[in-house]
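Under the numbering used here, read the sequence shown as residues 36 to 385, first letter to last.
One structure is given below, encoded as C-alpha cells.
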Amino acid sequence: MLNNHVTSKAEIAKELNLSMPTVLANVNDLLEKGVLEETGEYASTGGRKAKSIGINKSYCHAMGILITANHIEMVLVNLGDEIIKKDRIRLKFTAELSYCTEVAQKVKTFLEGELAKDTLLGIGVAIPGIIDQKERIVLKSHALGIENYSLRFLEQALEIPVYFENDANAAMLAEKKQKYPNAIYLSLNHTLGGAFCIDGKLFRGQNQKAGEFGHMILVPGGRKCYCGKSGCADAYCAASVLTQDNRQSLDAFMEKIESGDEKTLQTWNEYLDHLAVLISNLRMAYDMDIILGGDVGGVLSDYMIPLGEKVMAYNGFEHDVSYLKNCSYKKEASAVGAAKYFFTKHMGEL
C-alpha cells in the first residue's frame, strides 16, 4: 500500500495473490486503525461500485535531518512521502557535546506548533560518513573531520527514537523500492557518494563501505582528491568541481551555462565527459538502473540528452540509456530517506 496512493480491494487481492476474504479482513482492520481511508468510488462496471482506498497520509509522520559541515537540513514527512515542512539552518558541525544540544534545540523549535508532532514516529539522521549503526558510531567522515565519533549523546539529546544512516544510503531510501528494486544511486553533492539496492534492500558490503564510488580511480595520476589519492572520481564528478569548492553556488554556475559563457560551458562539457565514464563503468559492473541524485543530479534533467550521448560513446553493448534516471527529490533526498525508515518499520509492526 505504501507504493500505491489509491487502489481497491480487488486490485490488492490480484497483486498479492491473496483470497478476497483475507484481503477484506486485513483492509478492514487497517481502516479501523486509521492507516487506510476510503477515497471515493471506481466507475461502475455494471454491478456495485468498488470503493477506492488509499493511505491516510496524516496517520503518522517522521522527521529527517541531514547533517553537513556547515548546515543542518530538517524535513517533516507524512506517510505519503510528502514534505509538509522543511528548513535549512546554518550550524557549523563540531565534535563538542554542545553541538548535540544545539541540534536538539533546533529540532524542538522546528516542531513547535506542529500538530504532526503528536504522530511523530521518530527522527532519521543522515550523516556523510561510514556508520556503525549497531554501536551508534561514525567510523569515519572526511566531510565532518571525525573518526570513531559516538552518536549516543545526540540520540539522548533528541529524546525520541532515532535512526542513523549514511547520507547517500538515505538518499537511495528516498526512492520507491517498487520502482527501483535494483539500482545505483549517484549522490553528486559537494563530495561524491553512492549507494545501491539489491532486491529492494541496501547493500552495505563487508565493512559498510559499499557504494564509495567517489573513490574509484577515474583518471590514474590525475587530480588530488581530499582522501589523499590522485585521480578519484570525486575530484572530477563532485559538485565541488563546478562550484570551485563552494567559491560560487551551483545555481550561479548553471546561470552562466544558460547565458552561454564559454569558459563555463567548457567546464560543464568536461564534467559531463568524466561523469559519462563513471556511469559507463558502473553500468558495466552492476547492470542496474542508475539514479542521478544530489545537487548536480537535481539540475541534470535538462541535460540528459548530451549526457546520454557521451555515455553511449563509452558503451558499445547497449543502444540506449533508458537506465539513467532522475532522482525523485532534487534537494532533500537524504533527509527524506532517513525519515522514511520509520514508516517501513512501523508498517511492518502493524
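A virtual CB, placed ideally from N, CA and C, is assigned to each residue, including glycine.
What is the DSSP secondary structure of residue i, counted as helix, strand or coil?
i    : result
K360 : strand
N201 : strand
G295 : coil
F377 : helix
E190 : helix
A273 : coil
I195 : coil
Y261 : coil
S336 : helix
S284 : coil
M36  : Residue confidence is low: M36 scores 48 on pLDDT, short of 50, so the model does not pin down where it sits. Its coordinate-derived value is still stated next. Note: M36 maps to coil in three-state DSSP.
H354 : coil
E71  : The sequence shown places Leu at residue 71, not Glu. L71: strand per DSSP, three-state reduction.
S369 : helix
Using 8 Å for Cβ pairs, my map puts residue i next to residue j. What's the rounded Cβ distance?
i    : j    : result
A274 : L223 : 6 Å
A374 : V110 : 6 Å
G328 : Y220 : 6 Å
G69  : I90  : G69 to I90, Cβ: 11 Å. No contact.
F248 : L317 : 7 Å
A139 : L193 : 5 Å
K127 : N105 : 5 Å
L277 : V331 : 7 Å
E108 : A370 : 5 Å
On the DSSP bridge list, what partners appear for residue i?
i    : result
A97  : V112
I314 : According to DSSP, which records beta bridges pairwise, I314 is partnered with nothing at all.
G229 : L221
L237 : C232
T42  : I88
E182 : K175
G5   : Outside the shown range of the chain (36 to 385) lies residue 5, about which nothing can therefore be said.
I102 : I107
I47  : Answer by DSSP bridge pairing: none, since I47 is not bridged.
Is residue i near the ligand GTP, in the sense that its beta carbon is under 6 Å from a heavy atom of that ligand?
i    : result
I158 : Here there are no bound small molecules, and the ligand GTP is not part of this structure.
For the stretch 114-169, which segments carrying the alpha helix (DSSP H) assignment without a break, of at least 4 residues, lie completely within its bounds, in sequence order?
Complete alpha helix (DSSP H) runs here, min 4: 132-146.
Determine contact between the stretch 235-246 and the stretch 255-269, defined as no fewer than three beta-carbon pairs at a distance below 8 Å.
no
Is it true that the stretch 189-208 meets the stretch 159-168, where meeting means three or more beta-carbon pairs spaced less than 8 Å apart?
yes
Is the stretch 180-198 close to the stretch 127-141, with three or more CB pairs under 8 Å?
yes
Below 8 Å, can you find three or more Cβ-Cβ pairs linking the stretch 49-61 to the stretch 326-344?
no
Validate contact between the stretch 353-369 and the stretch 86-93 using beta carbons, cut 8 Å, 3 pairs:
The stretch 353-369 vs the stretch 86-93: no contact.
Cβ pair count under 8 Å reaching 3, the stretch 164-174 against the stretch 278-289
At 8 Å Cβ cutoff, the stretches do not touch.
Three CB pairs or more closer than 8 Å across the stretch 208-217 and the stretch 227-239:
Yes: the two stretches touch, three or more of their Cβ pairs being nearer than 8 Å.
Using 8 Å as the cut-off, can you tell me whether the stretch 369-383 makes contact with the stretch 93-108, which would need three or more C-beta pairs spanning the two stretches below that distance?
Contact annotation: the stretch 369-383 touches the stretch 93-108, with at least three C-beta pairs closer than 8 Å.
Specify whether the stretch 290-303 and the stretch 319-327 touch according to this definition: at least 3 beta carbon pairs, one from each stretch, less than 8 Å apart.
no
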